[in-house]
Each structure stands twice: as structure tokens, then as C-alpha cells.
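Taken in order, these protein sequences are the chains called F and A.
For the first sequence, our numbering begins at 140 and goes up steadily by one.
For the second sequence, our numbering begins at 140 and goes up steadily by one.
Using N, Cα and C, we set each Cβ at its ideal position, and we do this for glycine too.
2 protein chains.
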Amino acid sequence: MTIMKLLSERPGELLPLSFFTERFGAAKSTISEDLALVKEALEADGSGLLRTHPGAAGGVQYWPLPSREEEQETLLELCRLLSDPSRILPGGFVYMTDLINHPIWSARIGGIMAARFIDAAPDAVLTVETKGIPLALMVARALGLPMVVARREGRVTEGPSVTLHYISGSTRRIHTMTVGLRTLQRGSRVLVVDDFMKAGATARAMVDVAGEMGATVVGVGVFVATAEPGRKQVERYVSLLTLEQVDEVARTVRVVPADRLSKE
Amino acid sequence: MTIMKLLSERPGELLPLSFFTERFGAAKSTISEDLALVKEALEADGSGLLRTHPGAAGGVQYWPLPSREEEQETLLELCRLLSDPSRILPGGFVYMTDLINHPIWSARIGGIMAARFIDAAPDAVLTVETKGIPLALMVARALGLPMVVARREGRVTEGPSVTLHYISGSTRRIHTMTVGLRTLQRGSRVLVVDDFMKAGATARAMVDVAGEMGATVVGVGVFVATAEPGRKQVERYVSLLTLEQVDEVARTVRVVPADRLSKE
């Protein structure tokens, strides 16, 4: 019972067998058997991944990833919610802050995104303030990784930083992005996460700033990408949903699950 | 096994017995017995809270709250980490972004904060961009509540908003805070959460903007508050840690667990 609780509370962490034997006062053999049962139950359920690493420096790692079925159910429900005309904002934007900022939804979306990128083996999740943070944090949580937040301007509380200027795809205005030097280590394998992508200029800037800091970008994932423009400023990315169409006058909006393969 | 997993994935949600009977194809009596075992295990462990609501509209609610022991261990470890002189920034600030942005830490801090306020029965968690978001999201996650993010300026993606101006306690400059009308309902019971409090002007502004929106503030919680000034702009607040002293020249910093009772 409590093994599953401990695992759920420590996603992505490599937990040595001794971690469990100490807490439960049980023998390693007993713990190993219990872990095997957990693994079996997770596999039967199709949700959650438990990996066993043998040897003295080994242990187990658990990731709370959704099953295919849960993923499909969540994405379809999100499409239904986002296709509500009352969400249409001036300029053809779609209001989605309520979903992004509700931890039940951001955790589910984060879990789906984490499943898409776990094999890319990132070691940090990079996003940009403000709306990207809840999703990025939940992706980072599911993978057990630190989150790095790029900011719009430097702050004394972040220490020295790397700053980059870029031109937004839609307004053609100059924007600034700054990342604290302490927050991202050289050689990191970075997963870039954001809530929304139109032209992709912001994602491109995150890829570029990561490069300037000596990190490698191993993936770009966004919650919703617009169908148009079809060509984004990042070549390879994964989006979970596609905003196909918004009509401010006719009051219609259509959000559909993205075919990830077509974008890669 | 899987009951604990389901509960862990849905903190704060009221789950009817039928939710479990459908997933496991088991009788209500079996599920009730299993839930009683989970409850017993949680109580023995001292961490996590399971509440049973009888009746047709009833079910169970689970909150992943830390035990007293886990709480003390976490807070002492955080004090140790934050008292490292390499964290001192110009102006006597202490670098803590790495801790706030790491989901393992923000989840632990969020769980501790959630435990302090669960009896105040909030129905939304309000914070301000940017550094407050990871903690507020994890508090909201532990309590199963939506998070509301006050922004520094209005954005088209947030829709119509309420805007308030206030004077910061330290720099005496005018700041702006804006909250989307859609994000916070009238009559909400709001828990205000932030990462850091010095004079308390930002927390005060959040209390005020919530009031303007017809919401009631049921608590104010911050991760770290400075010892000076002792009198803050909010009368009642809970801080987990106290930044007692920072000396930029001598390179010393001292962070200690806050005595919450002395502040209430």
C-alpha cells in the first residue's frame, strides 16, 4: 500500500532498495517482491512506469505516466472544453488560463507531455513566464526534473543572467528573454515546454537561449499549436492539440487532438 | 495497491464509491474495506489525510499532507540549504529560485502549506507572477483547488480584468496588479500564497484585489518572511521560514524555521 504512496510522492527519483527497507523495517527480499507486484499492477493498468536498476548503485524509478486510454480521454475532453465559443477573446485568442492553472488539468497535461519525451532523456525543463509555468512544472514533476523559467526581464533575485532579443512572429516587435546563469547548467539536456505556439518565435528564442548557455535542446513540446501558419520557427516540435480555427464574428472555435507524427 | 495510486493522482477531489467499483469491477463493500485499510495505513504513517463522506452524494477525499516528522525534516533541510553564503545576491537578497522551481521541493513546501490551511477551507489559491506560481500550484494541487495568478499587467489572453495599483514597501514605487475577471469568482474563499515577504506590500495588494473582486481571504501563507520589518502590511500571515539575517560583506545568511504561532 505505502510503497505506491512513496513512489507517487517521488516521481523520477532513483530510490535505492534501502530507502524502502529503512522505512518499512522489512528485508530487501520482501521489498523486491512487493516492488515486483507494483510493477505488475502498473503494467496491467497501462499507466505509470516502474524501472528497476540492478547493482549496488541501483534502485527503482517511478514515473506517473498516463495510459493510452487516459491520454485519449483527457485530450478529447480538453478539445471539448476549449471548443466552447464563450472562450473566444478579442484577436482570435482562446481563453485557456482556467485549465492551465487548475492543477488537476495541468498535472494531466504534464503527464501526457512527459510520456512523449521520457525517451529523449531530458535533465531539465525550460519554459517562459507566465502561462508556461504550470504545465512545465507538472512535466518536470512527472519526470523528476528541475524547471528553468526564462523571464521577460532580468531580476536581482535571479542573479547574473544571459539575455537574448527576438522578434515576435505576429506583432513583429522586439522581445527580451533572460535566463539566470545559475538556473541552467552547461551541457544540460533541455526539454522546452510552452502552453501555446503560433509562429513559434518564443519557442525558437528558448531553443536559442539554451544554445547560448551551452545546453542541448532534446525536444520542444506545446499544449496547443495553431494550424496556421503551418511552418513554425522551430522545425521539430510536438503539440498535443491543434487550434484549427477561430471565428470571432461567427463565434466558432475548433480545437482537435494534434497528429503528432505529422509535425515531426 | 491501485486505490492509493488513484487517490494520489486526484488529491482533494471528492470521489464517489462508484468511481472505484467501476474501475476495479469490485463490490462497494470490498472497496469500503480497502479504503478503511488505506485510511488505517495513512493514520499509522501520520502522513496523508483520508476523509469519508457518507450518503448518496458522499465518497472519499484524499489530501497528500506531510507528517509532522516529514515537515520538520523538510524545513530544517531547506534552512540548511538557504543558509549557504553562495546564495547571497546584491541588495541582501537570497537566491532560492532553484528550490522553488524544483518540483520535488515545491511539492514538499506546497504540502506543508496546504496542511496549515486545510481547516480554513479555501476554494481557490491566489498568487502573483512569477516566483509565487510553483509554490501556489503545489498548494493548489495538494488541496485540489484552482490557482489564480495575478499579473503585473493585463494581457489579451486573460480577458477583462480588475487592476489595482499599490506602493511597494521597499522601493516606494508604484506597482500594478491585475486579475482576470474570469479567473476568480465572487464569493470565493481565497488562500493567498507567495514565495517571499519583506514589508508585505505585495501580499497586501493580493488581499485587496481579492476583496475588490468580492472574494474573502481566508489565509495568507508565504514560504520565507524576513524578520525585519517585524510589522508587515498584512496583519495575519503564516510563514514557514524566517530570513533572520543577511550580511553581504561578512557573507553570512541565516534562515530558520518560523514559529508560526508568534505571527498569528
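Please work out which residues of its chain come closer than 6 Å, Cβ to Cβ, to A/E297, disregarding the five sequence neighbours upstream and downstream, and give them in chain order.
-> G319
Cut-off 7 Å between Cβ atoms - residues of its own chain near A/G271, not counting five sequence neighbours on either side = V332, D333, D334
So, is the C-beta of F/K337 closer than 8 Å to a C-beta in chain A?
-> F/K337 does not count as touching chain A.
At a Cβ threshold of 8 Å, is F/P224 touching chain A?
-> Not closer than 8 Å to any Cβ of chain A, the Cβ of F/P224 fails to qualify, so no.
Run of the alpha helix (DSSP H) containing F/S245, from where it starts to where it stops | 242-256
What are the residues that DSSP puts in a beta bridge with F/S300?
-> F/G319, per the DSSP bridge assignment.
So with Cβ pairs under 8 Å, would you call F/K144 a contact of chain A?
-> Answer yes: the Cβ-Cβ gap between F/K144 and chain A drops below 8 Å somewhere.
What number of angstroms, rounded off, separates the C-alpha of F/H241 from the C-alpha of F/G249?
-> 12 Å
When the distance is taken between beta carbons, is A/V359 closer than 8 Å to A/R328?
-> no
Which residues in chain A sit within 8 Å of F/T381, going by Cβ to Cβ distance?
-> Neighbours of F/T381 in chain A, taken as residues at a C-beta separation under 8 Å, are lacking, since the least C-beta distance is about 18 Å.
What does A/L188 touch in chain F if you count any residue whose Cβ is under 9 Å from its own?
-> Within 9 Å Cβ-Cβ: nothing; A/L188 doesn't reach chain F, min ~13 Å.
List the residues of chain F that A/M352 touches, going by C-beta distances under 8 Å, in chain order.
-> Within 8 Å Cβ-Cβ: nothing; A/M352 doesn't reach chain F, min ~15 Å.
Per-residue burial, F/K167 [other beta carbons within 10 Å of its own, 16 or more giving buried] | exposed
With C-beta atoms as the reference, is A/R290 less than 8 Å away from F/T266?
-> Taking C-beta atoms as the reference points, A/R290 and F/T266 fail to come closer than 8 Å.
Who are the neighbours of F/V287 on chain A, taking C-beta pairs under 8 Å?
-> Within chain A, the residues near F/V287 are N240.
DSSP-derived helix/strand/coil call for F/G153 | It is worth fixing the name first, because residue 153 of chain F is Leu in this sequence and not Gly. Of the three classes helix, strand and coil, the one that applies to F/L153 here is coil, per DSSP.
Give the straight-line distance between the Cα atoms of F/I313 and F/H304, rounded to the nearest whole angstrom.
-> 7 Å
Assigned exposure category for A/L221 - 16 Cβ within 10 Å defines buried | A buried status is given to A/L221, since no fewer than 16 other beta-carbon atoms sit within 10 Å of its beta-carbon.
On the DSSP bridge assignment, give the partners of A/G197 in chain order.
-> According to DSSP, A/G197 bridges with nothing at all.
Candidates A/V377, A/G185, A/A281: closest to A/E209 by CA position = A/G185
Any C-beta of chain F under 8 Å from that of A/V180 = With the sequence shown as reference, residue 180 of chain A is identified as Ala, and Val is not the correct amino acid for it. Chain F, which has a Cβ nearer than 8 Å to the Cβ of A/A180, makes this yes.
Tell me which same chain residues have a C-beta within less than 7 Å of the C-beta of A/S147, skipping the five on either side of it?
-> P203
Taking buried to mean at least 16 other C-beta atoms within 10 Å of its own C-beta, is A/G187 buried or exposed?
-> buried
Chain A contact for F/Y234 (CB, 8 Å cutoff) | At a cut-off of 8 Å between beta carbons, F/Y234 contacts chain A.
Rounded Cβ spacing between A/I251 and A/P205 (contact assumed at less than 8 Å) = 6 Å
Going by DSSP, name the residue or residues bridged to F/A263.
-> F/V329
Flag F/L276 as yes if its beta-carbon sits less than 8 Å from any beta-carbon of chain A, otherwise no.
-> yes
Amino acids of chain A, ordered along the chain, whose beta-carbon sits closer than 8 Å to that of F/P273 | I272, L276, M286
CA-CA distance, A/G369 and A/E387?
-> Taking the straight line from one Cα to the other gives about 21 Å.
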